[in-house]
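Colleague:
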Amino acid sequence: MYDHFTFPEADTLQIALSRQLIFQPLKSIKTIAGADISFDKGSSTMYAGIVILSFPEMIVQSYALETYETTFPYQPGYLGFKEVPALLKVWDLIPEKPDIVVLDGNGILHPRRMGVASHFGVLANQATIGCAKSILYGENHLPEKSKFSTAEIKSHGEILGYALRTKDNNKPVYISAGHLITTEQALAVIKRCIGNYRIPEPTRLIHDLVNDFRTGKLKAGFHIKTQPLTLF
19 MYDHFTFPEA DTLQIALSRQ LIFQPLKSIK TIAGADISFD KGSSTMYAGI VILSFPEMIV
79 QSYALETYET TFPYQPGYLG FKEVPALLKV WDLIPEKPDI VVLDGNGILH PRRMGVASHF
139 GVLANQATIG CAKSILYGEN HLPEKSKFST AEIKSHGEIL GYALRTKDNN KPVYISAGHL
199 ITTEQALAVI KRCIGNYRIP EPTRLIHDLV NDFRTGKLKA GFHIKTQPLT LF
């Protein structure tokens with residue numbers, strides 16, 4: 019999809035896509051998804067996955083897995099060109115779309131407001147949030163060391179996202195709106211996705227699933243997660 023793109027051409031497309039971004043609060047969230055990629059270093063095969071959970075209970079409902087071939091390089095600021103085509107292929111496998119998708123990367127916290135979460139959001143016409151493990155762009159002020167402390171991340175006075183401490187005395191994650199959500203609501207949603215780990219549950223769970231897919235423990239396709247039977 020993007021293998022023939024030069025970086026200047028990628029810049030131009032990112033700027034064009036950024037003009038399609040919409041920021042508005044979601045009225046209701048009953049399902050939330052996590053999306054991620056796994057790959058072997060030096061390979062052109064991307065192992066992509068999306069897991070859907072109930073919100074705010076964080077109970078896995080279903081997941082989808084698929085592979086995609088690409089030679090576009092990994093380059094800071096251009097993650098969408100490497101990963102979005104693979105994620106769109108997985109997206110097509112899901113019969114009932116989730117209300118929002120959390121991606122392991124940035125949304126508008128990006129030099130051209132077009133991180134992987136915004137890129138996927140625009141092309142899929144889907145509400146998305148970026149939750150990155152490292153900061154790519156913006157003037158960052160570290161939050162306090164206690165869990166759920168936040169700090170604004172700005173560029174030229176504009177708030178583009180938040181650094182969020184998800185565990186006491188641990189490195190923060192970096193939250194930004196992707197598409198069809200506000201920055202403030204994105205932060206509130208991610209806070210409700212935090213369990214016992216630094217990474218929020220949607221992206222943590224899909225990270226494990228795509229690694230199992232890459233190593234042959236899981237098969238491609240759409241899978242419904244059967245819930246355990248209860249007496250009551």
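If you read the sequence shown in my numbering, its first letter stands for residue 19, the second for the next number, and so on.
Beta carbons are placed, not taken as given, at the ideal position from N, Cα and C, and that holds for glycine.
Does the region 108-122 come close enough to the region 74-91 to have 3 or more Cβ pairs within less than 8 Å?
Modeller: Remark: three or more beta-carbon pairs, one from each stretch, lie closer than 8 Å, so the region 108-122 and the region 74-91 are flagged as touching.
Colleague: Can you give me the C-alpha to C-alpha distance between T63 and I50, rounded to a whole angstrom?
Modeller: Start at 1 with the first residue of the sequence shown, and residue 63 comes out as number 45. Start at 1 with the first residue of the sequence shown, and residue 50 comes out as number 32. Taking the straight line joining both Cα atoms gives about 26 Å.
Colleague: When the Cα of G179 is compared with those of H128, V134, K165, L111, which residue comes out closest?
Modeller: As a first step, residue 179 is located in the sequence shown; it is residue number 161 there, counting from the start. The option with the nearest alpha carbon to G179 is H128.
Colleague: Report the three-state DSSP secondary structure of F250 (helix, strand or coil).
Modeller: The sequence position of residue 250 within the sequence shown is 232, counting from 1. With a pLDDT of only 46 at F250, under 50, the local geometry of the prediction cannot be trusted, and the value read off the model is given with reservation. Residue state, collapsed to three classes: coil.
Colleague: So is N214 buried or exposed if we call it buried at 16+ other beta carbons inside 10 Å?
Modeller: By 1-based counting over the sequence shown, the position of residue 214 is 196. With fewer than 16 Cβ atoms within 10 Å of its Cβ, N214 is classed as exposed.
Colleague: Looking only at DSSP bridge pairs, what is E84 linked to?
Modeller: One-based indexing of the sequence shown puts residue 84 at position 66. In DSSP, E84 forms a bridge with A66.
Colleague: Please tell me whether L97 and G133 are closer than 8 Å, where the distance is taken between their beta carbons.
Modeller: On the sequence shown, position 79 is the one that residue 97 refers to. On the sequence shown, position 115 is the one that residue 133 refers to. Yes, they are a contact pair.
Colleague: Report the residue from I112, Q144, I171, L35 whose alpha carbon sits nearest the alpha carbon of Q42.
Modeller: Mapped onto the sequence shown, residue 42 falls at position 24. Q42 has its Cα closest to that of Q144, out of I112, Q144, I171, L35.
Colleague: Below 8 Å, can you find three or more Cβ-Cβ pairs linking the region 139-155 to the region 187-202?
Modeller: yes
Colleague: CB L106 to CB L141, shorter than 8 Å?
Modeller: Here residue 106 is taken as the residue at index 88 of the sequence shown, counted from 1. Here residue 141 is taken as the residue at index 123 of the sequence shown, counted from 1. A contact, by the Cβ cut-off of 8 Å.
Colleague: What are the partner residues of I40, as DSSP defines its beta bridges?
Modeller: As a position in the sequence shown, residue 40 is number 22, starting the count at 1. BP columns for I40 are empty, so no partner.
Colleague: Spatial neighbours of I242 within its chain, please: C-beta separation below 8 Å, excluding the five flanking residues on both sides.
Modeller: Counted from its first residue, the sequence shown places residue 242 at position 224. If you ignore the 5 residues before and after I242, its C-beta comes within less than 8 Å of the C-beta of Q79, S80, all in its own chain and listed in chain order.
Colleague: Pick helix, strand or coil for F240, following the three-state DSSP scheme.
Modeller: Within the sequence shown, residue 240 is the residue found at index 222, counting from 1. F240: strand per DSSP, three-state reduction.
Colleague: Identify the residues that DSSP records as bridge partners of N158: which are they?
Modeller: Position 140 of the sequence shown, counted from the first residue, corresponds to residue 158. BP columns for N158 point to I171.
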